[in-house]
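Undergrad: Got a structure here, written out as structure tokens. Questions coming.
Residue numbers (our numbering), protein chains in the order written: chain A, 47 to 385; chain B, 47 to 385.
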């Protein structure tokens with residue numbers, strides 16, 4: 047659909063563009079009836095007069111848009127908290143949209159944010175984002191944009207991420223160093239870069255320590271839930287060779303493993319060590335408490351906003367914009383689920 | 047400070063108000079230099095021309111504002127999810143602001159939302175909100191407003207709440223019916239209506255069952271944390287008469303109680319039963335799992351948005367607005383921490 051313009055509205059009503067403009071701006075030399083017809087048509091077409099758009103641009107909206115694929119996940123709720131806190135401290139408010147991991151929502155929401163004249167956008171991709179035209183359009187319009195957490199190399203902009211490959215590598219190495227020899231991995235479907243990178247980090251660490259990766263003890267969950275962790279534990283225990291370590295790509299799965307092993311009387315960490323990812327609140331409460339990776343979601347949100355504000359300021363001053371790739375540090379939290 | 051008007055800007059620059067208006071709207075019959083001077087001054091004063099404001103109002107901003115005192119708490123993150131989901135399904139986007147439980151932030155953020163021309167506001171009060179002029183100003187401007195969760199009877203608007211008194215009453219009655227006779231209560235400071243109501247519900251249930259309330263086993267925590275739950279458990283165990291039940295006003299405290307009792311080898315629920323509030327994710331994971339109250343945060347967010355949209359639509363059609371008091375149902379989740 048063509049973007050409605052002053053000219054198109056004028057043509058449709060059979061009046062001059064300057065009358066349309068005056069009507070939209072409530073000039074007294076336009077009759078009440080004409081004013082009403084113009085304003086109704088403009089409203090129905092969601093037409094934003096240039097002057098309105100322009101004056102909004104000039105004074106800045108002081109709004110930034112934040113798109114998350116998952117508004118309830120513990121990690122994203124921490125990221126959001128960092129985003130809101132940092133934005134507010136800098137005089138910005140945040141429009142929060144959840145793509146609910148649907149690419150159609152992601153596309154629609156970028157349009158919504160452009161129409162709301164936000165000063166910049168923070169975006170984490172859905173697991174199904176495999177084309178990037180809708181995002182590159184945002185870049186082409188010189189709208190400040192930062193990808194965070196779930197990113198793509200096919201978009202030319204600043205990116206704030208966690209080095210998932212490195213942390214999965216370090217966690218796996220930790221298990222090996224503590225004596226584990228047959229380490230299972232629970233991952234999600236391989237359509238998210240986060241999941242792929244953790245899987246590759248796991249395999250790389252095994253290889254670096256002369257352990258052959260064994261696909262028969264790499265499990266794909268349907269959902270990252272406690273129930274799935276329990277179900278997969280039962281599958282693991284059916285393996286002929288006994289596993290002695292588990293690296294789960296997220297805490298809920300690791301907790302499911304712990305709860306099921308507890309039910310079966312299998313000792314953690316003596317018989318099996320378990321590591322999760324996220325340092326979510328449950329990890330301190332489960333028994334034994336879970337060794338996990340703190341992803342510092344708040345810091346990621348903070349960094350993402352700071353990077354975005356830098357770009358907003360640079361573009362405002364018409365200075366060159368230098369895209370950054372920022373790696374947010376993580377921290378391994380050693381608790382009682384590992385030897 | 048006076049709100050900048052066309053006239054004031056005209057006076058300051060020594061030109062006519064109509065020239066200012068034309069300059070702001072980029073009319074060709076205003077010289078480039080004048081246009082620039084006007085637009086710069088207007089921008090620096092954050093002047094929104096009436097025509098801009100008006101056309102924004104006419105076409106609706108399709109934005110609603112959401113102020114939460116606590117963006118990371120599990121309950122509020124569920125409420126937010128319900129809000130975002132329901133708003134998006136109705137074509138609205140949500141500006142999320144966190145008052146961080148500070149009344150100055152609450153005041154400032156209501157102003158920000160008014161200035162952003164949101165179509166309506168959802169507000170949960172800080173624990174320190176004891177004056178209401180800043181909120182009643184919103185009501186007076188006929189801006190659609192719904193208070194949720196932490197509300198005040200001194201504001202005349204729709205309210206979406208949980209009946210905290212009733213659920214604390216029911217939870218206490220449950221403990222009594224299962225044989226508990228000396229039930230301790232852990233509450234927060236009495237400056238939040240939620241905390242007061244839970245405390246009153248607890249006392250009412252004791253009274254209704256002929257048990258005299260004993261202030262020596264009502265404990266005030268400094269923070270709703272696991273650590274505080276542990277600290278208070280030690281205080282409880284110093285009491286001469288043995289307590290046999292604990293009603294904590296939030297899950298983290300109840301979990302602290304469980305973890306400390308486990309450390310001391312005191313059997314739950316045989317010796318002491320424990321109940322929390324929120325049904326947060328940890329409650330299923332702690333051992334024994336925690337009996338708690340599910341507050342259905344998602345439903346509260348959904349109801350709050352639906353109530354707000356009803357008011358937005360009514361005001362748009364100039365129909366009378368009927369304020370509603372909505373009680374979101376809760377559910378007691380019986381697990382293994384109670385007899």
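Just so you know, even glycine gets a beta-carbon here, dropped at the ideal spot from N, CA and C.
Mapping DSSP to helix, strand and coil, what is residue 294 (chain A)?
TA: Locating residue 294 (chain A) in the first chain gives position 248, where the first residue counts as 1. Of the three classes helix, strand and coil, the one that applies to residue 294 (chain A) here is strand, per DSSP.
Undergrad: Using the C-alpha atoms, what's the distance from residue 225 (chain B) back to residue 372 (chain B)?
TA: Indexing the second chain from 1 puts residue 372 (chain B) at position 326. Indexing the second chain from 1 puts residue 225 (chain B) at position 179. Taking the straight line joining both Cα atoms gives about 34 Å.
Undergrad: Suppose you measure from the CA of residue 149 (chain A) to the CA of residue 172 (chain A); what does that come to, to the nearest Å?
TA: Within the first chain, numbered from 1, the residue matching residue 149 (chain A) stands at position 103. Within the first chain, numbered from 1, the residue matching residue 172 (chain A) stands at position 126. Approximately 6 Å between the Cα atoms of the pair.
Undergrad: On the three-pair Cβ rule with 8 Å, is the stretch 307-321 of chain A touching the stretch 249-262 of chain B?
TA: Touching, no, given that fewer than three Cβ pairs across the two stretches are closer than 8 Å.
Undergrad: Residue 306 (chain B) and residue 276 (chain B) look like a contact to me (Cβ under 8 Å); what is the Cβ gap, rounded to whole Å?
TA: Within the second chain, the letter at position 260 stands for residue 306 (chain B). Within the second chain, the letter at position 230 stands for residue 276 (chain B). Right, their Cβ atoms sit about 4 Å apart.
Undergrad: Cβ of residue 131 (chain B) less than 8 Å from any chain A Cβ?
TA: Counting from 1 along the second chain, the entry for residue 131 (chain B) is found at position 85. For residue 131 (chain B), the answer is yes, since a Cβ of chain A falls inside 8 Å of its Cβ.
Undergrad: Check the Cβ of residue 144 (chain B) against every Cβ in chain A and list those closer than 9 Å, keeping chain order.
TA: One-based indexing of the second chain puts residue 144 (chain B) at position 98. Simply 127, 130, 131 and 134.
Undergrad: I believe residue 130 (chain B) touches residue 133 (chain A) by the beta-carbon criterion, under 8 Å. Please report the beta-carbon distance rounded to the nearest angstrom.
TA: What you label residue 130 (chain B) is simply residue 84 of the second chain in a count that begins at 1. What you label residue 133 (chain A) is simply residue 87 of the first chain in a count that begins at 1. Going by Cβ atoms, the distance from residue 130 (chain B) to residue 133 (chain A) rounds to 17 Å, so no, they are not a contact pair.
Undergrad: Which same chain residues end up closer than 6 Å to residue 204 (chain B) when comparing Cβ atoms and leaving out the 5 residues on each side of it in sequence?
TA: Residue numbering aside, residue 204 (chain B) sits at position 158 when the second chain is read from its first letter. Excluding residues within five positions, the ones whose Cβ falls inside 6 Å are 192, 353, 369 and 370.
Undergrad: So for residue 266 (chain B), helix, strand or coil by DSSP?
TA: Working through the second chain from its first residue, we reach residue 266 (chain B) at position 220. It is a strand residue.
Undergrad: What residues from chain B crowd round residue 328 (chain A), counting only those whose CB sits closer than 7 Å?
TA: Numbered from its first residue, the first chain carries residue 328 (chain A) at position 282. Per Cβ cutoff of 7 Å: 327, 328 and 331.
Undergrad: Just confirm the distance between the C-beta atoms of residue 296 (chain A) and residue 324 (chain A), as a whole number of angstroms; I'd bet it's less than 8 Å.
TA: Taking the first residue of the first chain as position 1, residue 296 (chain A) is located at position 250. Taking the first residue of the first chain as position 1, residue 324 (chain A) is located at position 278. Confirmed, about 6 Å.
Undergrad: Quick check: the stretch 265-281 of chain A against the stretch 201-220 of chain A, are there 3 or more CB pairs under 8 Å?
TA: no
Undergrad: Within the same chain, show all residues whose beta-carbon is closer than 6 Å to that of residue 294 (chain A), passing over the 5 residues directly before and after it, in chain order.
TA: As a working mapping, residue 294 (chain A) is identified with position 248 in the first chain. Excluding residues within five positions, the ones whose Cβ falls inside 6 Å are 232, 300 and 322.
Undergrad: Can you pull the chain B residues whose beta carbon is under 8 Å from the beta carbon of residue 109 (chain A), in chain order?
TA: Indexing the first chain from 1 puts residue 109 (chain A) at position 63. Residues of chain B passing the Cβ test: 141 and 162.
Undergrad: Which of the three DSSP states is assigned to residue 378 (chain A) in this structure?
TA: The sequence position of residue 378 (chain A) within the first chain is 332, counting from 1. Here residue 378 (chain A) sits in strand by DSSP.
Undergrad: Quick one: Cα of residue 374 (chain A) to Cα of residue 328 (chain B), how far?
TA: Here residue 374 (chain A) refers to the residue found at position 328 when the first chain is read from its first residue. Here residue 328 (chain B) refers to the residue found at position 282 when the second chain is read from its first residue. So the two alpha carbons sit approximately 27 Å from each other.
Undergrad: To which residues does DSSP link residue 430 (chain A) through a beta bridge?
TA: What is shown of chain A runs 47 to 385, which leaves residue 430 (chain A) out entirely.
Undergrad: Please report whether the beta-carbon of residue 238 (chain A) lies at a distance below 8 Å from any beta-carbon of chain B.
TA: Reading the first chain from its first residue, position 192 is the one you call residue 238 (chain A). Residue 238 (chain A) does not count as touching chain B.
Undergrad: Is it buried or exposed, residue 68 (chain A), if we count other Cβ atoms within 10 angstroms and call 16 or more buried?
TA: Numbered from its first residue, the first chain carries residue 68 (chain A) at position 22. Looking at its Cβ environment, which holds 16 or more other Cβ atoms inside 10 Å, residue 68 (chain A) is buried.
Undergrad: Since residue 123 (chain B) meets chain A, which of its residues come closer than 7 Å, beta carbon to beta carbon?
TA: In the second chain, residue 123 (chain B) corresponds to position 77, counting from 1. Going along chain A in sequence order, the residues near residue 123 (chain B) (Cβ under 7 Å) are 118 and 123.
Undergrad: Less than 6 Å between C-beta atoms, sequence neighbours within five positions excluded: which residues of the same chain meet that for residue 195 (chain A)?
TA: Counted from its first residue, the first chain places residue 195 (chain A) at position 149. Answer for residue 195 (chain A): 170, listed in chain order.
Undergrad: Can you tell me where the alpha helix (DSSP H) holding residue 186 (chain A) begins and where it ends?
TA: Reading the first chain from its first residue, position 140 is the one you call residue 186 (chain A). First-last of the alpha helix (DSSP H) with residue 186 (chain A): 179-186.
Undergrad: For chain A, check one thing: does any of its Cβ atoms lie closer than 8 Å to the Cβ of residue 232 (chain B)?
TA: The residue you call residue 232 (chain B) lines up with position 186 of the second chain. Not closer than 8 Å to any Cβ of chain A, the Cβ of residue 232 (chain B) fails to qualify, so no.
Undergrad: Since residue 188 (chain A) and residue 361 (chain A) should fall inside the 8 Å C-beta cutoff, what is the C-beta to C-beta distance between them, to a whole number of angstroms?
TA: To locate residue 188 (chain A), count along the first chain from 1; it is residue 142. To locate residue 361 (chain A), count along the first chain from 1; it is residue 315. Right, the Cβ-Cβ distance comes to about 6 Å (below 8 Å), so this counts as a contact.
Undergrad: Using a Cβ cut-off of 7 Å, which residues of the stretch 274-304 of chain B contact any Cβ in chain A, in chain order?
TA: 301
Undergrad: May I ask you to report which of helix, strand or coil DSSP gives residue 164 (chain A)?
TA: The residue you call residue 164 (chain A) lines up with position 118 of the first chain. The answer is coil: DSSP assigns residue 164 (chain A) none of H, G, I, E or B.
Undergrad: With H, G and I counted as helix, E and B as strand and the rest as coil, what does DSSP make of residue 332 (chain B)?
TA: Stepping through the second chain from its first residue, residue 332 (chain B) is reached at position 286. Coil, per DSSP.
Undergrad: Which residues in chain B sit within 7 Å of residue 158 (chain A), going by Cβ to Cβ distance?
TA: Sequence index remark: in the first chain, residue 158 (chain A) carries index 112 (1-based). Under the 7 Å cutoff, chain B gives 139.
Undergrad: Based on Cα-Cα distance, which residue from A:239, A:58 and A:166 lies nearest to residue 84 (chain A)?
TA: What you label residue 84 (chain A) is simply residue 38 of the first chain in a count that begins at 1. The candidate whose alpha carbon is nearest that of residue 84 (chain A) is A:58.
Undergrad: Quick one: what's residue 340 (chain A) bridged to in DSSP?
TA: Residue mapping note: residue 340 (chain A) aligns to position 294 of the first chain, counting from 1. Paired residues: A:377.
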